[in-house]
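Novice: Have a look at this one.
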Amino acid sequence: MKEENIFKIKKFAMSMRQIALEMSLNAGTDRVHFGGGISTIDILAALYGEVMKFRKENPTWEERDRFILSKGHGVLAYYAALSEAGIISKEELLTFKKNQSDLLGHPVINREKGIEFTTGSLGMGLSLGIGIALAFQKQKKNNKIYVLMGDGECNEGSVWEGFMSASQFQLDNITVIIDRNGYQQTGNTKDVMDVGDIALKLKSFGWETTEIDGHNVEQILSALKKKPIPNTPRAIIAKTVKGKGFSFSENNITWHDAVLTKEHYNIALEELNGD
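Residue 84 in our numbering sits at position 56 of the sequence shown; the count goes up by one each step and never skips.
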């Protein structure tokens, strides 16, 4: 992996973190899904900064790859990535969660702004991605589908139906990334509903499965850019830290959704600039 590529994505991710902090602070007393958005920043930086095919000047370009944020509450990272990629303006980000804004607390379809689909009800994004991947396969199109899911989301039965279907249909044009941060809204994923070894389960379902450090840019890029195995869907289990990078939010369940005060903002900026 070229050092300049890694540096570029780290810089992209740093800007995303700054954007996410600005958005959270600007939301005022409105709670934001902070921890699970921050945990996916490095993954989305790799996708939008290096891996995915799209045109910022033409977000509806037919040949673009498709991204589905199945864990719809992770919009802080999603909107930050779209902004850093040049699709959403910095000014529009300041409307996040405001009246009449297109940037809500969960993504609402707006393809002119790079938001491909409405999500938020957990467990739906994978099946949506599989349907699109199957259509592209039948149409012999080369577009790739990327679905970002949460580990708590894997409690949903529809997720496992989707995993079986993708393998049955031999969809090698879909990549699922699971944000394995170990927490969901009400607690540790092992305590709420332990799904066990996700990687082992997916392998038994016929998926090519890779486990990585979800904050290691080199590992993320390597996994995403690896040549797919023909007729085999791909899953990347990304071990992450909920609320990564900030002392007050790392592995802190109260920051699943919370209000970012000016005090928290200043602490976060100091820690971010110290890296």
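Yeah, the Cβ is synthetic: ideal placement off N, Cα and C, and Gly gets one too.
Keep in mind that this is a model prediction, so the values were computed, not measured.
1) Mind checking Ile265: buried by the 16 CB within 10 Å criterion, or exposed?
2) Looking only at DSSP bridge pairs, what is Glu236 linked to?
3) Less than 8 Å between the CB atoms is what I'm expecting for Leu199 and Pro261, so what's the real figure, rounded?
4) Between the C-alpha atoms of Glu299 and Gly215, what's the straight-line distance to the nearest angstrom?
5) Relative to the C-alpha of Leu154, which candidate in Phe124, Glu91, Ser195 has its C-alpha closest?
6) Which of the three DSSP states, helix, strand or coil, is assigned to Asp241?
7) Taking the beta carbon of Gln306 as the centre, do at least 16 other beta carbons fall within 10 Å, making it buried, or is it exposed?
8) So Phe95 is in the alpha helix (DSSP H); what residue range does that whole segment cover?
9) Could you check whether Leu131 and Glu140 sit closer than 8 Å to each other, using their CB atoms as the reference points?
10) Could you check where the beta strand (DSSP E) with Tyr174 kicks off and where it finishes?
11) Considering just the uninterrupted stretch of the beta strand (DSSP E) at Thr203, what are its terminal residues?
12) Taking buried to mean at least 16 other C-beta atoms within 10 Å of its own C-beta, is Phe35 buried or exposed?
13) If we ignore side chains and look at the alpha-carbon of each, how far apart do Arg83 and Ala55 end up?
14) Per DSSP, which residues does Gly215 bridge with? Please list them.
15) If you check the beta carbons only, do Val175 and Ile66 fall under 8 Å apart?
16) Under the rule that 16 or more other beta-carbon atoms within 10 Å means buried, what is Gln167, buried or exposed?
17) What distance in whole Å lies between the Cβ atoms of Lys99 and Glu181, which are believed to be in contact at a cut-off of 8 Å?
18) So, using beta-carbon positions, are Met44 and Glu144 closer together than 8 Å?
19) Going by the beta-carbon positions, is the gap between Phe62 and Gly271 smaller than 8 Å?
20) CB-CB under 8 Å to Leu162, same chain, minus the five flanking residues each way: which ones, in chain order?
21) Would you mind stating whether Asp219 and Thr268 have Cβ atoms separated by less than 8 Å?
22) Taking only three categories from DSSP, how would you classify Asn54?
23) Taking C-beta to C-beta, are Gln212 and Gly157 nearer than 8 Å?
24) With the cut-off set at 8 Å, would you say Lys125 and Gly133 are in Cβ contact?
25) Can you tell me whether Val287 is helix, strand or coil according to DSSP?
26) For the alpha helix (DSSP H) containing Glu189, list its first residue and its last residue.
27) Taking 6 Å as the limit between beta carbons, can you name the residues of its chain near Asn183, skipping five residues before and five after?
Specialist: Straight from the coordinates:
1) As a working mapping, residue 265 is identified with position 237 in the sequence shown. Of the other Cβ atoms in all chains shown, 16 or more fall within 10 Å of the Cβ of Ile265; this residue is therefore buried.
2) Locating residue 236 in the sequence shown gives position 208, counting from the first residue. The partner list for Glu236 (beta bridge, DSSP) reads Arg262.
3) For the purposes of this step, residue 199 is taken as residue 171 along the sequence shown, with counting starting at 1. For the purposes of this step, residue 261 is taken as residue 233 along the sequence shown, with counting starting at 1. About 5 Å separates the two Cβ atoms, so the contact holds.
4) As a first step, residue 299 must be located in the sequence shown, where it is residue number 271. As a first step, residue 215 must be located in the sequence shown, where it is residue number 187. Taking the CA atoms as reference points, Glu299 sits about 26 Å from Gly215.
5) Stepping through the sequence shown from its first residue, residue 154 is reached at position 126. The option with the nearest alpha carbon to Leu154 is Ser195.
6) The residue you call residue 241 lines up with position 213 of the sequence shown. Strand.
7) No answer is possible for residue 306: the residues shown for the chain start at 29 and end at 303.
8) Along the sequence shown, one-based indexing puts residue 95 at 67. For Phe95, there is no enclosing alpha helix (DSSP H); the enclosing beta strand (DSSP E) has its first and last residue at 94-97.
9) Numbered from its first residue, the sequence shown carries residue 140 at position 112. Numbered from its first residue, the sequence shown carries residue 131 at position 103. Result no, Cβ atoms of Glu140 and Leu131 do not sit closer than 8 Å.
10) Here residue 174 corresponds to residue number 146 of the sequence shown, with the count starting at 1. That run of the beta strand (DSSP E) goes 173-178.
11) On the sequence shown, position 175 is the one that residue 203 refers to. Thr203 -> beta strand (DSSP E) spans 202-208.
12) Taking the first residue of the sequence shown as 1, we reach residue 35 at position 7. By the neighbour-count criterion, in which 16 or more other beta carbons inside 10 Å mark a residue as buried, Phe35 falls on the exposed side.
13) Against the sequence shown, residue 83 aligns to sequence position 55. Against the sequence shown, residue 55 aligns to sequence position 27. Each residue's CA atom was taken as its position, placing Arg83 and Ala55 some 29 Å apart.
14) Mapped onto the sequence shown, residue 215 falls at position 187. Answer is Gln212, bridged to Gly215.
15) Taking the sequence shown and counting its residues from 1, the one referred to as residue 175 is at position 147. Taking the sequence shown and counting its residues from 1, the one referred to as residue 66 is at position 38. The Cβ atoms of Val175 and Ile66 do not sit closer than 8 Å to each other.
16) Your numbering for residue 167 matches position 139 in the sequence shown. By the neighbour-count criterion, in which a residue is buried when 16 or more other Cβ atoms sit within 10 angstroms of its Cβ, Gln167 is exposed.
17) Residue numbering aside, residue 181 sits at position 153 when the sequence shown is read from its first letter. Residue numbering aside, residue 99 sits at position 71 when the sequence shown is read from its first letter. Cβ atoms of Glu181 and Lys99 come within 8 Å of each other, at about 6 Å.
18) Here residue 44 refers to the residue found at position 16 when the sequence shown is read from its first residue. Here residue 144 refers to the residue found at position 116 when the sequence shown is read from its first residue. In terms of Cβ geometry, Met44 and Glu144 do not form a close pair [threshold 8 Å].
19) Within the sequence shown, residue 62 is the residue found at index 34, counting from 1. Within the sequence shown, residue 271 is the residue found at index 243, counting from 1. Yes. Within cutoff.
20) As a first step, residue 162 must be located in the sequence shown, where it is residue number 134. Taken in chain order, the residues that qualify are Phe197, Leu199.
21) Reading the sequence shown from its first residue, position 191 is the one you call residue 219. Reading the sequence shown from its first residue, position 240 is the one you call residue 268. Taking 8 Å as the cut-off, the beta carbon of Asp219 is found no closer than this to the beta carbon of Thr268.
22) Working through the sequence shown from its first residue, we reach residue 54 at position 26. In this structure, DSSP gives Asn54 a helical state, which the three-state scheme calls helix.
23) On the sequence shown, position 184 is the one that residue 212 refers to. On the sequence shown, position 129 is the one that residue 157 refers to. At a Cβ-Cβ threshold of 8 Å, Gln212 and Gly157 do not count as neighbours.
24) For this step, residue 125 is matched to residue 97 along the sequence shown. For this step, residue 133 is matched to residue 105 along the sequence shown. In contact: Lys125 and Gly133 (Cβ atoms closer than 8 Å).
25) Taking the first residue of the sequence shown as position 1, residue 287 is located at position 259. In this structure, Val287 counts as coil in the three-state DSSP scheme.
26) What you label residue 189 is simply residue 161 of the sequence shown in a count that begins at 1. Boundaries of the alpha helix (DSSP H) harbouring Glu189: 185-196, taken from the DSSP string.
27) The residue you call residue 183 lines up with position 155 of the sequence shown. Hits under 6 Å: Met221.
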